[in-house]
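*Asks:* Residue numbers (this note's numbering): 3 to 282.
Just so you know, even glycine gets a beta-carbon here, dropped at the ideal spot from N, CA and C.
1) Thinking C-alpha only, which one of 211, 177 and 55 is nearest residue 151?
2) Whose CA, out of 79, 216 and 192, lies closest to the CA of residue 236?
3) Pick from 90, 84 and 200: whose alpha carbon is nearest that of residue 213?
4) For residue 79, which of helix, strand or coil comes out of DSSP?
5) Roughly how far, in whole angstroms, is the beta-carbon of residue 20 from the beta-carbon of residue 267, given that I think they are within contact range, below 8 Å?
6) Using only the alpha-carbon positions, how far apart do residue 254 and residue 183 sit?
7) Tell me whether residue 65 sits in a helix, a strand or coil according to DSSP, three-state version.
8) Just to confirm, is the Cβ distance from residue 14 to residue 33 under 8 Å?
9) I believe residue 58 touches residue 257 by the beta-carbon criterion, under 8 Å. Please report the beta-carbon distance rounded to the nearest angstrom.
10) Under the three-state reduction of DSSP, which class applies to residue 140: helix, strand or coil?
11) Rounding to the nearest angstrom, what Cα-Cα distance links residue 118 and residue 103 in this structure?
12) Could you tell me the distance, in whole angstroms, from the CA atom of residue 79 to the CA atom of residue 71?
13) Sorted by chain position, which residues of the same chain lie with C-beta nearer than 7 Å to residue 289's C-beta, five sequence neighbours on each side aside?
14) Kindly confirm or deny that the segment 123 to 130 and the segment 147 to 167 touch, where touching means at least three C-beta pairs closer than 8 Å.
15) Going straight from the alpha carbon of residue 215 to that of residue 12, what length do you get?
16) Out of 175, 202, 203 and 168, which has the shortest C-alpha to C-alpha gap to residue 190?
17) Could you tell me if residue 55 is buried or exposed, where buried requires 16 or more neighbouring beta carbons within 10 angstroms of its beta carbon?
18) Could you give the DSSP three-state label for residue 251: helix, strand or coil?
19) State the DSSP-derived secondary structure class of residue 262, mapped to helix, strand or coil.
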(Lines of atoms letter the chains of each structure in order from A; the text may use other names.)
(Lines give C-alpha, C1' and ligand atoms only; values in the text may rest on other atoms or scores of the structure.)
Protein backbone atom coordinates (compact mmCIF):
# COMPACT_ATOMS: atom_id res chain seq x y z
CA UNK A 3 0.00 0.00 0.00
CA UNK A 4 1.00 3.56 -0.58
CA UNK A 5 0.05 5.57 2.51
CA UNK A 6 -2.75 7.87 1.36
CA UNK A 7 -5.24 6.71 3.99
CA UNK A 8 -4.24 8.75 7.00
CA UNK A 9 -6.10 11.29 9.13
CA UNK A 10 -6.14 15.05 9.00
CA UNK A 11 -4.56 15.38 12.43
CA UNK A 12 -5.66 18.97 13.06
CA UNK A 13 -9.30 17.89 12.91
CA UNK A 14 -8.94 15.00 15.34
CA UNK A 15 -9.60 15.31 19.05
CA UNK A 16 -6.56 14.57 21.18
CA UNK A 17 -7.94 11.26 22.41
CA UNK A 18 -8.85 10.27 18.83
CA UNK A 19 -5.31 10.89 17.64
CA UNK A 20 -4.00 8.76 20.50
CA UNK A 21 -6.42 6.00 19.53
CA UNK A 22 -5.30 6.18 15.90
CA UNK A 23 -1.64 6.04 16.88
CA UNK A 24 -2.33 3.10 19.18
CA UNK A 25 -3.59 1.10 16.21
CA UNK A 26 -0.64 2.14 14.05
CA UNK A 27 1.76 1.16 16.82
CA UNK A 28 -0.23 -2.02 17.42
CA UNK A 29 0.23 -3.15 13.83
CA UNK A 30 3.92 -2.24 14.11
CA UNK A 31 4.28 -4.38 17.26
CA UNK A 32 2.54 -7.29 15.51
CA UNK A 33 5.05 -7.00 12.68
CA UNK A 34 7.97 -7.16 15.08
CA UNK A 35 6.50 -10.08 17.01
CA UNK A 36 5.71 -12.25 14.00
CA UNK A 37 8.09 -11.00 11.30
CA UNK A 38 11.06 -9.34 12.99
CA UNK A 39 12.42 -5.81 12.97
CA UNK A 40 12.98 -5.11 9.27
CA UNK A 41 9.37 -5.47 8.02
CA UNK A 42 8.39 -2.65 10.38
CA UNK A 43 10.29 -0.26 8.12
CA UNK A 44 7.70 -0.84 5.39
CA UNK A 45 4.60 -0.31 7.52
CA UNK A 46 1.88 1.61 5.69
CA UNK A 47 -0.66 4.05 7.10
CA UNK A 48 -3.22 2.31 4.93
CA UNK A 49 -3.10 -1.06 6.69
CA UNK A 50 -3.12 0.64 10.10
CA UNK A 51 -6.33 2.39 9.07
CA UNK A 52 -7.81 -0.86 7.78
CA UNK A 53 -7.19 -2.45 11.20
CA UNK A 54 -8.90 0.49 12.92
CA UNK A 55 -11.77 0.49 10.42
CA UNK A 56 -12.58 -3.19 10.97
CA UNK A 57 -12.26 -2.70 14.73
CA UNK A 58 -14.72 0.19 14.56
CA UNK A 59 -17.43 -2.00 13.08
CA UNK A 60 -17.34 -5.12 15.23
CA UNK A 61 -17.06 -5.96 18.89
CA UNK A 62 -13.64 -7.51 19.27
CA UNK A 63 -11.38 -8.49 22.13
CA UNK A 64 -9.01 -5.56 21.78
CA UNK A 65 -6.14 -5.52 24.24
CA UNK A 66 -5.08 -2.03 25.32
CA UNK A 67 -1.56 -1.93 26.71
CA UNK A 68 1.73 -0.03 26.38
CA UNK A 69 4.96 -0.80 24.59
CA UNK A 70 8.46 0.59 24.38
CA UNK A 71 10.35 0.41 21.09
CA UNK A 72 13.57 1.72 19.57
CA UNK A 73 11.87 4.91 18.35
CA UNK A 74 10.36 5.59 21.77
CA UNK A 75 12.96 4.08 24.05
CA UNK A 76 12.32 6.38 27.01
CA UNK A 77 8.53 6.35 27.06
CA UNK A 78 6.07 3.54 26.60
CA UNK A 79 3.41 4.21 23.98
CA UNK A 80 -0.20 2.96 24.12
CA UNK A 81 -1.03 0.20 21.67
CA UNK A 82 -4.13 -1.73 20.69
CA UNK A 83 -3.92 -5.39 19.65
CA UNK A 84 -6.61 -7.65 18.23
CA UNK A 85 -7.24 -10.07 15.37
CA UNK A 86 -7.36 -7.19 12.90
CA UNK A 87 -3.99 -5.70 13.85
CA UNK A 88 -2.42 -9.16 13.43
CA UNK A 89 -4.14 -9.78 10.11
CA UNK A 90 -3.28 -6.37 8.68
CA UNK A 91 0.34 -6.66 9.83
CA UNK A 92 0.56 -9.85 7.80
CA UNK A 93 -1.19 -8.26 4.82
CA UNK A 94 1.36 -5.43 5.00
CA UNK A 95 4.08 -7.98 4.25
CA UNK A 96 2.23 -9.03 1.10
CA UNK A 97 1.74 -5.44 -0.06
CA UNK A 98 5.32 -4.44 0.75
CA UNK A 99 6.81 -7.45 -1.01
CA UNK A 100 4.55 -6.80 -3.98
CA UNK A 101 5.80 -3.22 -4.14
CA UNK A 102 9.40 -4.47 -4.08
CA UNK A 103 8.68 -6.90 -6.92
CA UNK A 104 6.93 -4.14 -8.85
CA UNK A 105 9.98 -1.89 -8.48
CA UNK A 106 12.19 -4.75 -9.62
CA UNK A 107 9.94 -5.34 -12.61
CA UNK A 108 9.82 -1.66 -13.59
CA UNK A 109 13.29 -0.42 -12.72
CA UNK A 110 15.57 -3.30 -11.73
CA UNK A 111 18.65 -2.15 -9.87
CA UNK A 112 20.58 -3.31 -6.85
CA UNK A 113 18.27 -1.69 -4.30
CA UNK A 114 15.22 -3.64 -5.46
CA UNK A 115 17.17 -6.90 -5.71
CA UNK A 116 18.58 -6.46 -2.22
CA UNK A 117 15.16 -5.63 -0.78
CA UNK A 118 13.68 -8.74 -2.34
CA UNK A 119 16.38 -10.92 -0.80
CA UNK A 120 15.95 -9.28 2.61
CA UNK A 121 12.17 -9.74 2.75
CA UNK A 122 11.89 -13.05 0.89
CA UNK A 123 11.85 -15.14 4.07
CA UNK A 124 9.04 -13.06 5.56
CA UNK A 125 7.03 -13.41 2.38
CA UNK A 126 7.44 -17.18 2.28
CA UNK A 127 6.23 -17.36 5.87
CA UNK A 128 3.11 -15.41 4.94
CA UNK A 129 2.58 -17.65 1.90
CA UNK A 130 2.19 -20.65 4.21
CA UNK A 131 -0.19 -18.89 6.60
CA UNK A 132 -2.31 -17.06 4.02
CA UNK A 133 -2.22 -19.05 0.75
CA UNK A 134 -5.53 -17.66 -0.52
CA UNK A 135 -4.64 -14.02 0.12
CA UNK A 136 -1.20 -14.46 -1.45
CA UNK A 137 -2.70 -16.19 -4.49
CA UNK A 138 -5.20 -13.36 -4.86
CA UNK A 139 -2.50 -10.68 -4.75
CA UNK A 140 -0.17 -12.58 -7.09
CA UNK A 141 -2.99 -12.95 -9.61
CA UNK A 142 -3.51 -9.20 -9.36
CA UNK A 143 0.16 -8.39 -9.98
CA UNK A 144 0.28 -10.84 -12.90
CA UNK A 145 -2.75 -9.24 -14.51
CA UNK A 146 -1.40 -5.76 -13.76
CA UNK A 147 1.91 -6.50 -15.48
CA UNK A 148 0.06 -7.94 -18.48
CA UNK A 149 -2.00 -4.78 -18.81
CA UNK A 150 1.07 -2.59 -18.34
CA UNK A 151 2.95 -4.53 -21.03
CA UNK A 152 0.02 -3.90 -23.36
CA UNK A 153 0.24 -0.17 -22.51
CA UNK A 154 -3.28 -0.19 -21.09
CA UNK A 155 -4.75 3.30 -20.76
CA UNK A 156 -7.95 2.25 -18.99
CA UNK A 157 -7.20 3.56 -15.50
CA UNK A 158 -10.80 2.92 -14.45
CA UNK A 159 -10.46 -0.79 -15.19
CA UNK A 160 -7.05 -0.95 -13.50
CA UNK A 161 -8.53 0.73 -10.43
CA UNK A 162 -11.37 -1.78 -10.36
CA UNK A 163 -8.81 -4.58 -10.53
CA UNK A 164 -7.08 -3.31 -7.38
CA UNK A 165 -10.36 -2.62 -5.62
CA UNK A 166 -11.59 -6.16 -6.23
CA UNK A 167 -8.24 -7.49 -5.02
CA UNK A 168 -8.59 -5.71 -1.67
CA UNK A 169 -12.14 -6.93 -1.37
CA UNK A 170 -11.11 -10.55 -2.00
CA UNK A 171 -8.03 -10.45 0.22
CA UNK A 172 -9.94 -9.14 3.23
CA UNK A 173 -12.97 -11.35 2.76
CA UNK A 174 -12.15 -13.66 5.67
CA UNK A 175 -12.08 -10.83 8.25
CA UNK A 176 -15.21 -9.01 7.04
CA UNK A 177 -17.70 -10.56 9.44
CA UNK A 178 -20.27 -7.79 9.95
CA UNK A 179 -22.14 -5.59 7.47
CA UNK A 180 -20.45 -7.70 4.83
CA UNK A 181 -21.93 -6.09 1.72
CA UNK A 182 -21.20 -2.49 2.73
CA UNK A 183 -17.73 -3.22 4.11
CA UNK A 184 -16.73 -5.22 1.03
CA UNK A 185 -17.90 -2.40 -1.22
CA UNK A 186 -16.01 0.13 0.89
CA UNK A 187 -12.72 -1.73 0.48
CA UNK A 188 -13.44 -2.01 -3.24
CA UNK A 189 -13.98 1.74 -3.66
CA UNK A 190 -11.03 2.59 -1.43
CA UNK A 191 -8.81 0.38 -3.59
CA UNK A 192 -10.08 2.10 -6.73
CA UNK A 193 -9.48 5.53 -5.21
CA UNK A 194 -5.97 4.64 -4.05
CA UNK A 195 -5.00 3.34 -7.48
CA UNK A 196 -6.40 6.32 -9.38
CA UNK A 197 -5.14 9.03 -7.04
CA UNK A 198 -1.68 7.45 -7.01
CA UNK A 199 -1.60 7.38 -10.81
CA UNK A 200 -2.66 11.04 -10.93
CA UNK A 201 -0.21 12.01 -8.19
CA UNK A 202 2.71 10.40 -10.06
CA UNK A 203 1.78 11.59 -13.54
CA UNK A 204 4.46 14.24 -14.03
CA UNK A 205 7.16 12.09 -12.45
CA UNK A 206 6.23 9.09 -14.59
CA UNK A 207 6.27 11.25 -17.72
CA UNK A 208 9.79 12.47 -16.98
CA UNK A 209 11.03 8.99 -16.13
CA UNK A 210 9.20 7.33 -19.05
CA UNK A 211 7.50 5.00 -16.59
CA UNK A 212 4.15 3.33 -17.17
CA UNK A 213 1.10 5.35 -16.18
CA UNK A 214 -2.33 4.58 -17.65
CA UNK A 215 -3.31 8.25 -17.49
CA UNK A 216 -0.33 9.62 -19.38
CA UNK A 217 -1.52 9.29 -22.99
CA UNK A 218 -4.86 10.95 -22.30
CA UNK A 219 -3.18 13.73 -20.33
CA UNK A 220 -0.70 14.53 -23.07
CA UNK A 221 -3.38 14.38 -25.77
CA UNK A 222 -5.83 16.81 -24.17
CA UNK A 223 -5.04 18.04 -20.66
CA UNK A 224 -8.31 19.89 -20.09
CA UNK A 225 -10.54 17.02 -21.18
CA UNK A 226 -8.48 14.49 -19.27
CA UNK A 227 -8.61 16.44 -16.00
CA UNK A 228 -12.36 16.89 -16.33
CA UNK A 229 -12.90 13.18 -16.88
CA UNK A 230 -10.50 11.91 -14.23
CA UNK A 231 -11.84 14.33 -11.61
CA UNK A 232 -15.38 13.23 -12.40
CA UNK A 233 -14.41 9.58 -11.91
CA UNK A 234 -12.43 10.11 -8.70
CA UNK A 235 -15.17 12.34 -7.27
CA UNK A 236 -17.70 9.59 -7.94
CA UNK A 237 -15.52 7.16 -5.97
CA UNK A 238 -15.35 9.61 -3.06
CA UNK A 239 -19.13 10.01 -3.09
CA UNK A 240 -19.55 6.24 -2.92
CA UNK A 241 -17.10 6.07 0.00
CA UNK A 242 -18.97 8.77 1.93
CA UNK A 243 -22.31 7.13 1.18
CA UNK A 244 -21.09 3.76 2.48
CA UNK A 245 -19.77 5.47 5.62
CA UNK A 246 -23.22 6.93 6.30
CA UNK A 247 -24.82 3.50 5.87
CA UNK A 248 -22.60 1.74 8.42
CA UNK A 249 -23.17 1.14 12.11
CA UNK A 250 -20.10 1.76 14.27
CA UNK A 251 -19.30 0.42 17.72
CA UNK A 252 -16.25 2.68 18.26
CA UNK A 253 -13.75 5.06 16.63
CA UNK A 254 -16.44 6.61 14.41
CA UNK A 255 -14.86 10.07 14.58
CA UNK A 256 -11.52 8.79 13.29
CA UNK A 257 -13.15 6.89 10.44
CA UNK A 258 -15.17 10.00 9.53
CA UNK A 259 -12.01 12.11 9.57
CA UNK A 260 -10.19 9.84 7.14
CA UNK A 261 -13.03 8.85 4.80
CA UNK A 262 -14.91 12.15 4.66
CA UNK A 263 -12.25 14.82 5.25
CA UNK A 264 -8.66 13.67 4.81
CA UNK A 265 -8.90 11.82 1.49
CA UNK A 266 -11.09 14.60 0.05
CA UNK A 267 -8.46 17.20 0.96
CA UNK A 268 -5.66 14.98 -0.39
CA UNK A 269 -7.56 14.63 -3.64
CA UNK A 270 -8.19 18.38 -3.95
CA UNK A 271 -4.52 19.13 -3.27
CA UNK A 272 -3.50 16.89 -6.17
CA UNK A 273 -6.15 18.41 -8.44
CA UNK A 274 -4.87 21.90 -7.66
CA UNK A 275 -1.33 20.94 -8.56
CA UNK A 276 -2.36 19.61 -11.95
CA UNK A 277 -4.32 22.69 -12.88
CA UNK A 278 -1.08 24.67 -12.88
CA UNK A 279 1.44 22.02 -14.00
CA UNK A 280 2.24 20.46 -17.37
CA UNK A 281 3.85 17.18 -18.35
CA UNK A 282 6.68 17.66 -20.78
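*Replies:* So, to answer that:
1) Among 211, 177 and 55, the Cα nearest to that of residue 151 is on 211.
2) Minimum Cα distance to residue 236 is reached at 192.
3) 200
4) Reduced to three states, the DSSP call for residue 79 is strand.
5) Actually they do not touch by this definition, with Cβ atoms about 22 Å apart.
6) 14 Å
7) strand
8) Going by C-beta atoms, residue 14 is not nearer than 8 Å to residue 33.
9) That belief holds up - the Cβ atoms of residue 58 and residue 257 are roughly 5 Å apart, short of 8 Å.
10) Reduced to three states, the DSSP call for residue 140 is helix.
11) So the alpha carbons of these two residues sit roughly 7 Å apart.
12) 8 Å
13) Residue 289 falls outside the range modelled here, since the chain spans only 3 to 282, and no answer is possible.
14) no
15) 32 Å
16) 168
17) buried
18) coil
19) helix
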